[in-house]
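Single-structure report; data block below.
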């Protein structure tokens, strides 16, 4: 009986995980698409870009034979995606009730059911 309660409590706890995972994957894909356009159109733009591949090679003292240009663009994309994910985390902390709730605040009621509690059986 207690094992069933533990199992039910765990299923209830994981109930919203699938939706959150799907949203996170979609946000990650959107972030990579945005990062690609930002890195190619703003940072490495041939006309008026902020940076050129030659500057990156000279600054980091990389050899052109070992590191390809698409690898540098990919590294810049990963950095941009990392910053976008940090904005997602900060937005979650500010916007959602779970994010605003301070851990360890005393309360008379627990948010999690105790599977060992058998008062109402």
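Residue numbers (this note's numbering): 23 to 143.
In this text, a Cβ means the ideal position worked out from N, Cα and C, and glycines have one as well.
- In summary, residue 40 is exposed, with fewer than 16 beta-carbon neighbours lying within 10 Å of its beta-carbon over all protein chains present.
- DSSP, reduced to helix, strand and coil, places residue 73 outside both helices and strands of the structure shown, so it counts as coil.
- Rounded to whole angstroms, the gap between the alpha carbons of residue 83 and residue 76 is 10 Å.
- Scanning the stretch 33-111 for uninterrupted alpha helix (DSSP H) segments of 4 residues or longer gives 39-60 and 75-82, listed from N- to C-terminal end.
- Exclusion of the five residues before and after residue 102 leaves 53, 56, 57, 60 and 61 as the residues of its chain whose Cβ lies within less than 8 Å of its Cβ.
- Linking residue 74 to residue 114 through their CA atoms gives a straight-line distance of about 35 Å.
- Close CB contacts of residue 50 within its chain, under the 8 Å cut and outside five residues either way in sequence, are with 103 and 107 (chain order).
- Counting other Cβ atoms within 10 Å of its Cβ, residue 93 stays below 16 and is therefore classed as exposed.
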